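The structure appears right after this line, and notes come after that.
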Amino acid sequence: MALLKRALTLSLVCSSPALAAPMPSSAPLAPNPLSTAVPIPLGRGSDTQLLERSWQKLDAELRALDQLLPAEPEPPVRDVLSTPELPPNLLRANEPAQGPIQPEQSTPAPPLDLPTPKQLEAAGIASLSLEQALAIAFAGSASLQAQREQVAAALASFQAAMGTYWPTISAFAAGGYDRSRSTETSLQPNDNLGFGPLFDSNGLLTPSATPPGYAPTPGPFYVPEGGSVKATSGSSAFEGGLQLNYALLDFARTPKVQSARASLEQQRNTYANQLRSLQLQVSEAYYQLQQQEQLVRVYDANVRNDLVILQDSLDLKQAGLVPRLDVLRRRAIQASDEETLIQALADRAVARRRLAVLLNLPPQVTPSASDPIVVQPRWPLDLEASLLAAYRGNPELEAILATRQALAQQKQATAAGLLPKLSLFANAGGNSNLSSLGNFELGGGGCCGSTALPLTSTNAWDWSVGLTMTWLLFDAGTTAGQARAFAKREAAAAQQYAATRNDIRLRLEQAFFNHEASLAKLSSARRGVAAALEAFRDVRLRYLTGLSSELDVSITQDRLINSLVQRLNATVGVNVTYAQLLRELLPMPRDPNQPIQPQLQLQVSSTYP
56 MALLKRALTL SLVCSSPALA APMPSSAPLA PNPLSTAVPI PLGRGSDTQL LERSWQKLDA
116 ELRALDQLLP AEPEPPVRDV LSTPELPPNL LRANEPAQGP IQPEQSTPAP PLDLPTPKQL
176 EAAGIASLSL EQALAIAFAG SASLQAQREQ VAAALASFQA AMGTYWPTIS AFAAGGYDRS
236 RSTETSLQPN DNLGFGPLFD SNGLLTPSAT PPGYAPTPGP FYVPEGGSVK ATSGSSAFEG
296 GLQLNYALLD FARTPKVQSA RASLEQQRNT YANQLRSLQL QVSEAYYQLQ QQEQLVRVYD
356 ANVRNDLVIL QDSLDLKQAG LVPRLDVLRR RAIQASDEET LIQALADRAV ARRRLAVLLN
416 LPPQVTPSAS DPIVVQPRWP LDLEASLLAA YRGNPELEAI LATRQALAQQ KQATAAGLLP
476 KLSLFANAGG NSNLSSLGNF ELGGGGCCGS TALPLTSTNA WDWSVGLTMT WLLFDAGTTA
536 GQARAFAKRE AAAAQQYAAT RNDIRLRLEQ AFFNHEASLA KLSSARRGVA AALEAFRDVR
596 LRYLTGLSSE LDVSITQDRL INSLVQRLNA TVGVNVTYAQ LLRELLPMPR DPNQPIQPQL
656 QLQVSSTYP
């Protein structure tokens, strides 16, 4: 820091006409009348040597400081009246509007698409008014469209909850085919059951009555030990019917429906509050774009004025009326003002893109403000009336109340899980079965012939009706803990309501006081611009006639530019604070299907006393 102060001191000393070294210039410099003046005696020789050593030390420090700076990428400018070339990208982003925005230019790109290189290179500039910007934002904002989907989802959830008051009817059906091979073996004979000769091993004939040469004939149902049969079976079956279920007694049903209704109201109020916020964001971005465009005009006029004054200084220098210091100072001022203009161009390009993002414009479209800067009127309500109107029907507060109501109903629905639930059920249906049995293979004397039916069919229908009751008797405190959690969230929502209420008052009071201050500053700035403009005219005439110095011209010019910027800032401040106040009171629809009419000023009526 000390080295920089010394360098600045040396630059001021070296800029005096008697001590400064000559610098190259495109215009010939006339002999300076002060350069031939008799120097003032410095005193003794020791003083002169001390001064020379001090100068040499300062010069060495200055050279060391210069070595720390990066080398210039381009050779120094020879024409002092020229301006630097601006980057092509910066010029392209600051091109004038090609015309008003068209409807097809305001259609947003698909939400899942990325811009192509061709779209990014197009970069068409389209002008639009603030009302058009608000209409485009309300129609195409991605965040607002997402909130519309949230409202639709909450409505669907509420409709689903309302359906729990009705019974559910469902149809059921089942069908299939299965095939198997089985073996059935008798582990003991069945002639000891006392069922008569039909189950006897000798059959109907006694051994004495059996003719010679013939064995006894077993009964038709006799199965010897080890008798078996193998068979292949197949079965195809179909079953279908209707089933009805209806909750006759469910203490959690009504709280769930009311919670869904409260959630729907919360989403709708959030949508209305988001409309307010979006209008404020678009208004602020539009006013800032107007401000940046006006700053570009101011700083461009300032650079042009620098060139005129620099030409005057060169002419006066050639005539020997002003020192070379005036030319050098004007060149430095011009360079500084050029830097300010270049930064203003960059700020305007950024402001255009910021507005395009809020409007969700296609990537090939860049907006430009077409409305002139017009001061909004004074806010029509006093502070107390504004606060009361801001609290009345505020969607931001209503959304918190709806959230609190939803949490309270969820708590009731959770606590109802410990109460009994009674339901009615009824079902009716029929079934059909076709079975086949074949591919028999007997062994050990056979088995089970009486049950071998090659093909059978079974058809039946049935119905049932009844009541079911469930009652949770013990869950280790799980349900009670969940109910307490909802109660705590409900209490937290109440505190959030208080915090939001205080934030609304702070925002409104801040905007109200800044609005009053901006109006007062605007009145002072207008007087300051008028006085600074007259002072600049006078000082230029005095400078041309040799009655004022270039330093007076520079100071007066800076004051003129500062007064213009202050008036612009005060004007934009009035508009921005008006939009901030409007954001707290602006009525907005809560239904996404209702049309939205942009409103730039508060309509005072009986609603706002």
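Per the numbering used here, residue 56 is the first one in the sequence shown, and the count goes up by one each step.
Where a beta carbon is used, it is the ideal one built from N, C-alpha and C, also for glycine.
Quick caveat: nothing in here was measured; it's all calculated off a predicted structure.
Going straight from the alpha carbon of residue i to that of residue j, what length do you get?
i	j	result
Thr171	Ala340	26 Å
Gly501	Phe250	19 Å
Ala115	Leu105	15 Å
Ser225	Ser314	27 Å
Leu462	Pro642	27 Å
Ser161	Phe306	51 Å
Leu335	Arg582	30 Å
Ala119	Leu365	31 Å
Gln389	Ala586	23 Å
Ser235	Trp518	31 Å
Thr287	Phe293	21 Å
Phe541	Ser184	48 Å
Arg544	Pro435	40 Å
Pro86	Leu376	Bear in mind that the predicted position of Pro86 carries a pLDDT of just 39, short of 50, making it too unreliable to give a figure here.
Ser332	Glu176	32 Å
Arg556	Arg316	24 Å
Gln656	Thr458	31 Å
Thr600	Leu619	27 Å
Excluding five sequence neighbours on each side, which residues of the same chain lie with their C-beta closer than 7 Å to the C-beta of residue i?
i	result
Ala625	Ser573, Lys576, Leu577, Ala580
Ser70	Caution is warranted here: a pLDDT of 37 is assigned to Ser70, below 50, making its placement in the model unreliable, and the coordinate value is therefore given only provisionally. Once the five neighbours on either side are set aside, the close Cβ partners of Ser70 are Leu380, Leu383.
Gln467	Pro310
Ala445	Ile559, Leu563, Glu639, Leu640
Please go through the same chain and pick out, in chain order, the residues whose beta-carbon is closer than 6 Å to the beta-carbon of residue i, but skip the five residues on each side of it.
i	result
Tyr598	Val608
Ser490	Ser290, Thr511
Glu280	Gln243, Pro244
Gly498	Ser283
Ala454	Gln321, Asn324, Thr325
Beta-carbon of residue i versus every beta-carbon of chain B: anything under 8 Å?
i	result
Pro158	You won't find chain B in this structure, because it holds only one protein chain.
Measuring CA to CA, which of the options is closest to residue i?
i	options	result
Glu439	Thr523, Phe495, Phe541, Leu563	Leu563
Ile616	Asn360, Val520, Arg560, Leu371	Asn360
Ala483	Ser603, Phe227, Gly195	Phe227
Lys476	Asn149, Thr523, Asn630, Ser618	Thr523
Ser391	Asn357, Ser368, Gln153, Ser184	Asn357
Ala302	Leu561, Ala481, Thr632, Lys173	Ala481
Phe529	Ala404, Ser318, Leu474, Phe568	Leu474
Tyr552	Leu492, Glu451, Thr632	Glu451
Gln214	Leu199, Leu319, Leu185	Leu319
Thr421	Pro432, Ala404, Pro427	Ala404
Pro509	Trp516, Pro435, Gly493	Gly493
Ala515	Ala531, Gly485, Arg459	Gly485
Pro275	Gly628, Cys503, Pro163	Cys503
Gln537	Gly472, Ala317, Ala194	Gly472
Pro163	Gln200, Leu344, Asp233	Gln200
Ser441	Gln635, Thr219, Leu167	Gln635
Asn488	Thr238, Leu210, Ser182, Gly295	Gly295
Arg638	Leu113, Arg408, Thr600, Gln565	Gln565
Pull up the DSSP beta-bridge partners for residue i, would you.
i	result
Ala181	Pro422
Tyr354	Looking at the DSSP assignment, Tyr354 forms no beta bridge with any residue, so it has no partner.
Asn300	Thr223, Phe480
Met524	Leu477
Ala515	Asn486
Ala317	In DSSP, Ala317 forms no bridge with anything.
Gly230	Phe293
Pro155	Ser182
Ala283	Checking the sequence, you will find Ser at residue 283 rather than Ala. Ser283 pairs with Thr240, Gly498.
Leu492	Ser288
Leu510	Ser491
For residue i, which residues in the same chain have their Cβ closer than 8 Å to its Cβ, ignoring the five residues on either side in sequence?
i	result
Tyr277	Pro244, Asn245, Asp246, Leu253, Phe254, Asp255, Ser256, Gly258
Ala590	Thr611, Arg614, Leu615
By a C-beta neighbour count over all protein chains shown, 10 Å radius and 16 as the cutoff for buried, is residue i buried or exposed?
i	result
Pro650	exposed
Pro155	exposed
Glu605	buried
Ile191	buried
Ser198	exposed
Tyr354	buried
Pro273	buried
Trp526	exposed
Trp221	exposed
Arg592	exposed
Asp646	exposed
Gln550	exposed
Tyr232	exposed
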